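Protein chains in written order, with my numbering: chain A, 215 to 291; chain B, 107 to 682. Heads up, the beta-carbon is just placed ideally off N, CA and C, and yes, glycines get one too. Being a predicted model, the structure only gives us computed values, none of them experimental. Some notes on the structure that comes next.
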Amino acid sequence: MKKISLTHMKPNHKGAVLEIAGCLSLENKLASMGIYKGKDIIKLSHIGLQGPVVIKSGRSIIALGHGIAAKIIIGIE
Amino acid sequence: MKMKIYLIGNPNVGKSVIFSRLTGLQVMSSNYPGTTVEISRGYLKLGNDRIEVVDLPGTYSLESTSPAEEVAVSLLKENPKNDSIVINIIDATNLERNLLLTLQLLESGFRVIICLNMIDDAVHRGVHIDTAKLEEIFHIPVVPTCAITGTGVKVLIARIQEAAFSPRSNLSHEERWQEIGRIIETVQHLEHRHHSLREMVEDASVRPFSGLLIASGVIYSSFKIVRFTGEFIINKITDPFFFNLYQPFLEKLTVSLKEEGFLFHLLIGDLIHGKIDFKQSLGVLTTAPYIEFGMVLPYVISFYFILSLLEDIGYLPRLAILLDNLLHRLGLHGFAVIPLLLGFGCNVPGILATRVLESKRERFIAATLISIGVPCVPLQAMIFGLLGSFSGFYVGGVYLVLFLVVIILGMILNRMLSGYSPEFLMEIPSYRFPPVQMIARKLYFRIKGFLIEAVPVVLIGVAAVNILLYLRLFDFITGIFAPVFSGVLGLPQESMVALLIGFIRKDVAVGMLMPLGLTAKQLFISTTLLAMSFPCVATFIILWKELGFKDMIKSTLLMIFISFMIGAGLNFLMIG
Chain A
215 MKKISLTHMK PNHKGAVLEI AGCLSLENKL ASMGIYKGKD IIKLSHIGLQ GPVVIKSGRS
275 IIALGHGIAA KIIIGIE
Chain B
107 MKMKIYLIGN PNVGKSVIFS RLTGLQVMSS NYPGTTVEIS RGYLKLGNDR IEVVDLPGTY
167 SLESTSPAEE VAVSLLKENP KNDSIVINII DATNLERNLL LTLQLLESGF RVIICLNMID
227 DAVHRGVHID TAKLEEIFHI PVVPTCAITG TGVKVLIARI QEAAFSPRSN LSHEERWQEI
287 GRIIETVQHL EHRHHSLREM VEDASVRPFS GLLIASGVIY SSFKIVRFTG EFIINKITDP
347 FFFNLYQPFL EKLTVSLKEE GFLFHLLIGD LIHGKIDFKQ SLGVLTTAPY IEFGMVLPYV
407 ISFYFILSLL EDIGYLPRLA ILLDNLLHRL GLHGFAVIPL LLGFGCNVPG ILATRVLESK
467 RERFIAATLI SIGVPCVPLQ AMIFGLLGSF SGFYVGGVYL VLFLVVIILG MILNRMLSGY
527 SPEFLMEIPS YRFPPVQMIA RKLYFRIKGF LIEAVPVVLI GVAAVNILLY LRLFDFITGI
587 FAPVFSGVLG LPQESMVALL IGFIRKDVAV GMLMPLGLTA KQLFISTTLL AMSFPCVATF
647 IILWKELGFK DMIKSTLLMI FISFMIGAGL NFLMIG
């Protein structure tokens, strides 16, 4: 398994959230939206170089700013 | 204490529609998170009692991670738990994520009833939920509803009293998600569906290339439809009314007033070549109604029609993703596109909507940019009406100047202001196709709002101007500033009056420029100045309320300074 940040992940790939390398409040906020350690997600797209990342988590589609996405570490096969 | 009912749920699950159904009050709802910025309170008749119902802003958890969530959580605490009923509204298409809040509500000891909303959409997408089993697990009532059509709302009202306490032990986030996973296993059954066309379009609109293509298509066709519909209403409805039915009546009035005296000047204004000219006469019964109903209202209708459609379909959050990059350079983030777009209708709701932005800095930047560079529909309609007769170059020029000012000012403010701009983090709703009645109701609501706000101000404004002109009170003020005006801006001193009137209403102010016989260049400069310089009185008040006195003054001074500089610059650079 490879560890990679959400921003480096390729679109249309699957992975599981391994770690959220941010403060506790960010971790809580993401957890309340359904992005938590162990959750499987699919990266849908990445707008521009420094732009937001769009993921699918469960049945929701969530857009994350670049800075937040960089802090989410994903494990991929 | 009195009994209260609270509506709580994740953003964009239909709380406001349920609220309207329960209380009969009309509140605005849209297909994107964070529509509810003002807390609505209403009453539900239950037997002989009238119970207060509070519509809380959407929240993902009780831990309040954003200002809107803080408001929701603190309001929930205003009433003792024993006297509160919490209606937890859940989006049935996304049960898993919604249950986190449900668990927290039960853990915190609230008396809860679950309203499983959008059940029709869930079934449509192949999501089947066993409500009986869900009731069994939580020991509280669960009522499936479809708020938009009203299905299930009667049952919800009938069962409100059954709302129950169902204490659970406190869990950590991780334990909660595990628990939810187990619950979902037993109550939810997913039917496998192939990607529908809707899902394919949903997908394409958030990808960089296809997304931009769709966005340009949407923006271009929205603009075309707004123009086409507006012109259609003017040519087929309002102009025939004004010229064929209303004008003969005014001509009779003119004769009976003998074309002279104070009353004639007040009501009819001046005759142009011996005739009433709706655009130039400037009377309370001539130009005032013509500006509002004959020039502005048709575009207000067509603009809000398109905006409401885009809102309810759920396109705007997708536009927000695409523009996030650009808006970051202005110290904002993607979501700011929604207040900016609302500002094109009228600056007031635009500035109100900046409440969804988290930091004070962002709100200051957004509010200032809206009031300086986002022209409202009434102003735009007048710019088209006035400059359109010269050439498209001038109309386009005004937009170009405003756009550049927004970009440059945004970049400067982003560098200069301290504070922080949080990152974009938003759930993107799926596309929904709102029933025609929903769009019609929203349109009616917005147009009514416009008429109530605009018509009295316009009538009183034109009357006041006429009185001041009749008494020659403006001459004194314009005399003082005339040298600056003609020297630096190249405008005749009469246009000064119009700029002052801009404080009352921008459309009336542009209307006052019409009889002056200005050249294209002078019109271009003065409308640009009008668009940018200080906000109209309604915007002024809302800026004060939302930003506080100090920031409102800061923002206003910025506008006056910049518009003056731009006006002088244009006068200097343009030939003609």
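Residue i beta carbon near the ligand PLP (any heavy atom closer than 7 angstroms)
i: B:F368; result: As for the ligand PLP, it is missing from this structure, which has no ligand bound.
Residue i - containing beta strand (DSSP E), residue span
i: B:D155; result: 155 to 161
i: B:K330; result: Element bounds for B:K330: not the beta strand (DSSP E) but the alpha helix (DSSP H), 314 to 339.
i: B:P250; result: 248 to 250
i: B:G491; result: B:G491 -> not in any beta strand (DSSP E); alpha helix (DSSP H) instead, spanning 483 to 493.
i: B:H300; result: Premise fails: B:H300 is in no beta strand (DSSP E) and is neither H nor E.
i: B:K239; result: Not the beta strand (DSSP E): B:K239 falls in the alpha helix (DSSP H), residues 237 to 244.
i: B:S527; result: Looking at the DSSP string, B:S527 is not in any beta strand (DSSP E), and its letter there is neither H nor E.
i: B:N204; result: Unbroken run through B:N204 is the alpha helix (DSSP H), 201 to 213; no beta strand (DSSP E).
Contact under 8 angstroms by Cβ, residue i with residue j
i: B:I114; j: B:V192; result: yes
i: B:S387; j: B:L403; result: no
i: B:E652; j: B:I374; result: no
i: B:F670; j: B:F640; result: no
i: B:S661; j: B:A473; result: yes
i: B:T335; j: B:S408; result: yes
i: B:L222; j: B:T251; result: yes
i: B:R147; j: A:S259; result: no
i: B:A228; j: B:A198; result: yes
Under the three-state DSSP convention, the category residue i falls into
i: B:E169; result: coil
i: B:A644; result: helix
i: B:M109; result: coil
i: B:R467; result: helix
i: B:M517; result: helix
i: B:V361; result: helix
i: B:M532; result: strand
i: B:E268; result: helix
Residue i, enclosing alpha helix (DSSP H) - first and last residue
i: B:A459; result: 453 to 459
i: B:I419; result: 403 to 419
i: B:F371; result: First, the residue type needs correcting, since residue 371 of chain B is His and not Phe in the sequence shown. Where B:H371 is concerned, the enclosing alpha helix (DSSP H) stretches over 367 to 373.
i: B:I124; result: 121 to 129
i: B:E280; result: 279 to 293
i: B:P562; result: 542 to 576
i: B:E600; result: 600 to 607
i: B:A228; result: 225 to 230
i: B:V590; result: 580 to 590
i: B:L433; result: 422 to 435
Rounded separation between residue i and residue j - CA only
i: B:E417; j: B:P535; result: 11 angstroms
i: B:Q284; j: B:F655; result: 49 angstroms
i: B:R435; j: B:F450; result: 21 angstroms
i: B:P455; j: B:K260; result: 33 angstroms
i: B:Y526; j: A:G272; result: 31 angstroms
i: B:S180; j: B:D189; result: 16 angstroms
i: A:L278; j: A:K228; result: 16 angstroms
i: A:P266; j: B:T634; result: 34 angstroms
i: B:G567; j: B:L605; result: 13 angstroms
i: B:I219; j: B:G258; result: 14 angstroms
i: B:K108; j: B:L575; result: 57 angstroms
i: B:E158; j: B:L212; result: 22 angstroms
i: B:T171; j: B:A178; result: 11 angstroms
i: B:V248; j: B:Q267; result: 12 angstroms
i: B:D613; j: B:F530; result: 36 angstroms
i: B:Y166; j: B:L182; result: 14 angstroms
i: B:L679; j: B:G479; result: 21 angstroms
i: B:L372; j: B:F470; result: 41 angstroms
i: A:I256; j: B:H279; result: 21 angstroms
i: B:W650; j: B:D657; result: 8 angstroms
Per-residue burial, residue i [other beta carbons within 10 Å of its own, 16 or more giving buried]
i: B:S601; result: buried
i: A:A235; result: exposed
i: B:C452; result: buried
i: B:M306; result: exposed
i: B:F384; result: buried
i: B:G317; result: buried
i: B:I672; result: buried
i: B:G516; result: buried
i: B:T694; result: No answer is possible for residue 694 of chain B: the residues shown for chain B start at 107 and end at 682.
i: B:N204; result: buried
i: A:P237; result: In the sequence on display, residue 237 of chain A carries Cys and not Pro. That one is exposed.
i: B:H230; result: exposed
i: B:D161; result: buried
8 angstroms Cβ cutoff, residue i in contact with chain D
i: B:T199; result: Reference to chain D is not applicable here, since the protein chains of this structure are A and B.
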